[in-house]
Amino acid sequence: MEQLGFAGATIVAGVFGCVAWFWGSNWLLDTIYPPRGENAGRNILRTNMIRPWLFLAPAVLCLAAYLVYPVFNSIWRSLHDAAGQNWVGLDNFRWLVGDPKFRESIFNNLLWLLVVPALSTLFGLLAAQVTDRIRWGNLAKSLIFMPMAISFVGAGVIWKFIYDYRDASQDQIGLLNAINVFFGGEPQTWLTIPFWNSFLLMAVLIWIQTGFAMVILSAALRGIPEETIEAAIIDGANPWQLFFKIKVPQIWGTIAVVWTTITITVLKVFDIVFVMSNGQWGTQVLANFMYDWMFRGAPDYGRGSAIALVIMALVTPIMVWNIRNVRREMR
Amino acid sequence: MTNIAGTKARLVWAVNIAALLLVLLWTIPTLGLLVSSFRDRDQISTSGWWRSAFSSESSGFVRAGTAEDQVFIDGLYVIEGDVTEAGQGISAWGVSSKDPAAFAPGDVAELKDGQRLSVAADGQYRLTSPSEFTQTRGMRIFTTVLSPPAFTTDNYARVMGAEGLGQAFLNTFTVTIPATVIPILIAAFAAYALAWMEFPGRALLVAAVVGLLVVPLQLALIPLLKLHNDIGLGKGYMGIWLAHTGFGLPLAIYLLRNYMVGLPREIIESARVDGATEFQIFRRIILPLSFPALASFAIFQFLWVWNDLLVATVFLGNAPDQLVMTGVLRELLGSRGGDWEILAASAFVSIAVPLLVFFSMQKFLVRGLLAGSVKGG
């Protein structure tokens, strides 16, 4: 309870502090350069120059300290040794290239990159298409969208239960093994099967992201002009043609946005691997690999930062693409 | 014509079935966890949750009474008792481990020395003998017990009390609420400046915000932890609030700016002409009109902070009284991966609040997604 009081006090203090800053600095500005009197014109010009920065200051400070500074600090750290004392040049990156676990992580991340955005978008498109055409579509949408609200850790628990393994002499309590045994298979310890276990982890992320894809794509599908569809129907297009040749080409832009958004999520995927396999049995990915080097055993901040920069480098093309899109829109 | 109508009806069916399949696939995992969280340990470990609605069979043995329990009725020595607990029944029974289901309920088994044993379907047994019983250890009766479906809320009581989840629940709230409110305030002002004020460098700032949207926060962990230590914040709530504020700001500014740019220019211009200051315009016009966007972001940030594991692990520490719920879940998964009843109930407690928020505010969430679908993670 005391703690909630503390949190409540922080909210009040935070809100009050923000309001005090914005209101106070504006008031101060207007007092120093009053927008009336002999210098009114010049003063208004001057306040118009300064005021935006008063509005922006807390945000810019926060962004600089919490996102920009870390990027440069990480670059610096990646060129230093474990404790950040001595300059080691590119040694950390050289080590990375030779490290088998790093290769495994990169390989797995690429696998995730290929599979998760593709399947999430595909299932999302499918779900959007079918739920738009049925009477209980909104309910169906809610239910498919629901995993989005569940934490990666919670999802990990949910799916670990599905992949659970019991000895063949017992009843299986994991759904996957139960189905497998029902069809006459041997129960498997799914998460330890090399290569394929990565796909089982991907299933969790696909399960979470499909709802996101569905919501966006469903809005896009509904935005397609009726005339094009009617024209196609009159010309005798069957439902498949209608979908793949008329509808999908018109929403390529949205599909690209969904795809890249999921791609970014995939590059940063951490929690799922962390709680379900912790990178064992050949399921390591970059984010968890980085966590291992930064926080487990004897921390090596140099190597950890080098791995983080690799993730950053992988994200950069998408970042550039996004910025270009936004700049085009602003013009 | 009939042919076309037929295809159409079939298509409608196909669509409905496809939707149903998708919905089932997407809800069954969560349903499994929910059902399991209401079952006790033995039930979870002996049968799949999908069987929980049916009676479950379990086999074992019970020892009958000893010589002390016998009574003498109508020339026979009799030992009576019950091999089941209240509410259960038996579907088969036996007297040797080689064939534990040899007899059906109601059958009579002939044993040595003229002894006879019968077990009824409700579990009542009757062992009779013409001569006095002398055993000091009861004979074994093998049973196949039918237990009716049973659900319990004990798991929840246990995790909220003894397992420390109640504390974690409080911790999570303590982290989440300020970490949701503060970025909204800061971002709203910045978004207004970026949307409606003219100043050099504006386009550059917008581009920077969009760029920062995708910066992996893994990159920020170590530098920020060091920074917090250097300025004396250390590990604690203040640090995690600030961190979440920083990480949430790009999305907040981006979403709010996009929304505010779309507000009608005339309202703002006419307010300016009427002599309203920028601060007044912001407070009286922009803020109330931007409510939907503010709500969207609030939900995003709430879900994101509530569900976060990485930032909490790094900035809050791992002492039991500091763990947030995702942290507790992780500990449970690691150290007691076999305790499914604890795990299931804990997981459900942790996802209950986000699900509640999700279902009650879905409208805003969808709107926010549509407005800001550049961000990921």
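Chains as they are written, first to last, in this note's numbering: chain Z, 285 to 615; chain B, 186 to 562.
Note that beta-carbon positions come from the ideal geometry of N, C-alpha and C, so glycine has one too.
Per-residue burial, residue i [other beta carbons within 10 Å of its own, 16 or more giving buried]
i: tryptophan 371 (chain Z); result: exposed
i: arginine 361 (chain Z); result: buried
i: methionine 217 (chain B); result: The amino acid at residue 217 (chain B) is misidentified as methionine; the sequence shows glycine. Buried is the call here.
i: serine 281 (chain B); result: exposed
i: leucine 207 (chain B); result: buried
i: proline 354 (chain Z); result: buried
i: methionine 333 (chain Z); result: exposed
i: glycine 308 (chain B); result: buried
i: threonine 187 (chain B); result: Interpretation of threonine 187 (chain B) is limited by its pLDDT of 43, a score under 50 that renders its predicted location unreliable; the figure taken from the coordinates is listed afterwards. By the neighbour-count rule (16 or more Cβ atoms within 10 Å), threonine 187 (chain B) is not buried but exposed.
i: alanine 293 (chain Z); result: exposed
i: threonine 544 (chain Z); result: buried
i: arginine 404 (chain Z); result: Before going further, note that residue 404 (chain Z) is serine rather than arginine in the sequence given. Serine 404 (chain Z) comes out buried.
i: glycine 408 (chain Z); result: buried
i: tryptophan 311 (chain Z); result: exposed
i: arginine 335 (chain Z); result: buried
i: arginine 419 (chain Z); result: exposed
i: tryptophan 548 (chain B); result: The displayed chain sequence assigns lysine, not tryptophan, to residue 548 (chain B). Exposed, by the Cβ-count rule.
i: tryptophan 577 (chain Z); result: buried
i: aspartate 298 (chain B); result: exposed
i: aspartate 451 (chain Z); result: exposed
i: serine 520 (chain B); result: exposed
Cβ separation of residue i and residue j, assumed to be a contact under 8 angstroms, to the nearest whole Å
i: valine 400 (chain Z); j: valine 550 (chain Z); result: 5 angstroms
i: leucine 440 (chain B); j: leucine 398 (chain B); result: No, leucine 440 (chain B) and leucine 398 (chain B) are not in contact; Cβ-Cβ is about 10 angstroms, not under 8 angstroms.
i: phenylalanine 432 (chain B); j: leucine 402 (chain B); result: 5 angstroms
i: threonine 313 (chain B); j: valine 263 (chain B); result: 5 angstroms
i: tryptophan 234 (chain B); j: valine 220 (chain B); result: 4 angstroms
Within chain B, the residues that residue i reaches when beta carbons sit closer than 7 angstroms
i: arginine 417 (chain Z); result: Val200
i: tyrosine 585 (chain Z); result: Ile407
i: lysine 531 (chain Z); result: In chain order: nothing, as chain B lies at least about 15 angstroms away.
i: leucine 427 (chain Z); result: Val208, Trp211, Thr212
Chain Z contact residues for residue i, given Cβ-Cβ distances below 7 angstroms
i: isoleucine 367 (chain B); result: Gly298
i: glutamine 547 (chain B); result: Ser426
i: valine 220 (chain B); result: Residues of chain Z passing the Cβ test: none, with the nearest at roughly 10 angstroms.
Span separating the alpha-carbon of residue i from that of residue j
i: glycine 562 (chain B); j: isoleucine 548 (chain Z); result: Residue placement at glycine 562 (chain B) is poorly supported in this model, since its pLDDT is 32, which falls under 50; the coordinates still yield a value, given next. In a straight line, the C-alpha of glycine 562 (chain B) is about 7 angstroms away from that of isoleucine 548 (chain Z).
i: serine 222 (chain B); j: serine 332 (chain B); result: 18 angstroms
i: phenylalanine 239 (chain B); j: aspartate 455 (chain Z); result: 15 angstroms
i: leucine 261 (chain B); j: phenylalanine 288 (chain B); result: 23 angstroms
i: lysine 560 (chain B); j: threonine 231 (chain B); result: Confidence at lysine 560 (chain B) is low in this model, with a pLDDT of 38, below 50, so the placement of that residue should be treated as unreliable; the coordinate-derived value is given next. Distance between the alpha carbons of lysine 560 (chain B) and threonine 231 (chain B): 44 angstroms.
i: leucine 501 (chain Z); j: glycine 460 (chain B); result: 44 angstroms
i: glutamine 507 (chain B); j: tyrosine 341 (chain B); result: 21 angstroms
i: alanine 341 (chain Z); j: alanine 375 (chain B); result: 8 angstroms
i: isoleucine 258 (chain B); j: glutamine 300 (chain B); result: 14 angstroms
i: alanine 411 (chain Z); j: leucine 397 (chain Z); result: 21 angstroms
i: isoleucine 513 (chain Z); j: glycine 421 (chain B); result: 57 angstroms
i: tyrosine 449 (chain Z); j: lysine 529 (chain Z); result: 44 angstroms
i: leucine 563 (chain B); j: alanine 503 (chain Z); result: Given that chain B is displayed from residue 186 to residue 562, the structure contains no residue 563 (chain B) and the question cannot be resolved.
i: aspartate 254 (chain B); j: leucine 296 (chain B); result: 19 angstroms
i: alanine 571 (chain Z); j: proline 449 (chain B); result: 43 angstroms
i: phenylalanine 354 (chain B); j: leucine 495 (chain B); result: 17 angstroms
i: isoleucine 390 (chain Z); j: alanine 521 (chain Z); result: 44 angstroms
i: tyrosine 585 (chain Z); j: methionine 486 (chain Z); result: 28 angstroms
i: valine 559 (chain Z); j: arginine 457 (chain B); result: 54 angstroms
i: phenylalanine 554 (chain Z); j: tryptophan 525 (chain B); result: 23 angstroms
i: proline 385 (chain B); j: alanine 378 (chain B); result: 12 angstroms
Chain-ordered neighbours of residue i on chain B, where CB pairs are closer than 8 angstroms
i: glutamine 456 (chain Z); result: Gly233
i: tryptophan 307 (chain Z); result: Phe464
i: valine 599 (chain Z); result: Val399, Val400, Pro401
i: asparagine 310 (chain Z); result: Thr462, Glu463, Phe464
Proximal chain Z residues relative to residue i, where beta-carbon distance stays under 8 angstroms
i: tyrosine 341 (chain B); result: Within chain Z, no residue comes near tyrosine 341 (chain B); the closest Cβ sits about 15 angstroms away, beyond 8 angstroms.
i: tyrosine 377 (chain B); result: Phe339
Under 9 angstroms from the C-beta of residue i: neighbouring residues of chain B
i: phenylalanine 528 (chain Z); result: Simply none; closest approach about 16 angstroms.
i: arginine 611 (chain Z); result: Ala388, Val391, Ala392, Val395
Contacts of residue i in chain Z (Cβ-Cβ under 9 angstroms)
i: phenylalanine 217 (chain B); result: Checking the sequence shown, residue 217 (chain B) turns out to be glycine, not phenylalanine. Correct list: Ile442, Phe445, Ile446, Leu459.
(message) Which residues of the stretch 503–516 of chain B have a Cβ closer than 9 angstroms to any Cβ of chain Z? Give them in chain order.
(response) Taking 9 angstroms as the Cβ-Cβ cut-off, the stretch 503–516 of chain B approaches chain Z at Met510, Thr511, Gly512, Leu514, Arg515, given in chain order.
(request) Could you run through the stretch 486–516 of chain Z and flag, in chain order, every residue whose CB is less than 8 angstroms away from some CB of chain B? (result) Of all residues in the stretch 486–516 of chain Z, Trp491, Thr494, Gly495, Phe496, Val499, Ile500, Ala503 have a Cβ within less than 8 angstroms of some Cβ in chain B.
(request) Could you please tell me which residues of the stretch 330–356 of chain Z, in chain order, have their CB closer than 8 angstroms to any CB of chain B? (result) Cβ contacts with chain B: Asn332, Met333, Arg335, Pro336, Trp337, Phe339, Leu340, Pro342, Ala343, Val344, Cys346, Leu347, Ala349, Tyr350, Leu351, Val352, Tyr353, Pro354, Val355.
(message) Which residues of the stretch 264–276 of chain B have a Cβ closer than 8 angstroms to any Cβ of chain Z? Give them in chain order.
(response) So nothing in the stretch comes that close.
(request) Taking only beta carbons into account, state which residues of the stretch 551–572 of chain Z come closer than 9 angstroms to chain B, listed in chain order. (result) Answer in chain order: Leu551, Lys552, Val553, Phe554, Asp555, Phe558, Val559, Met560, Asn562, Leu570, Ala571.
(message) By the 8 angstroms beta-carbon criterion, what residues does the stretch 432–444 of chain B contribute toward chain Z?
(response) Correct list: Phe432, Leu434, Pro435, Ile438.
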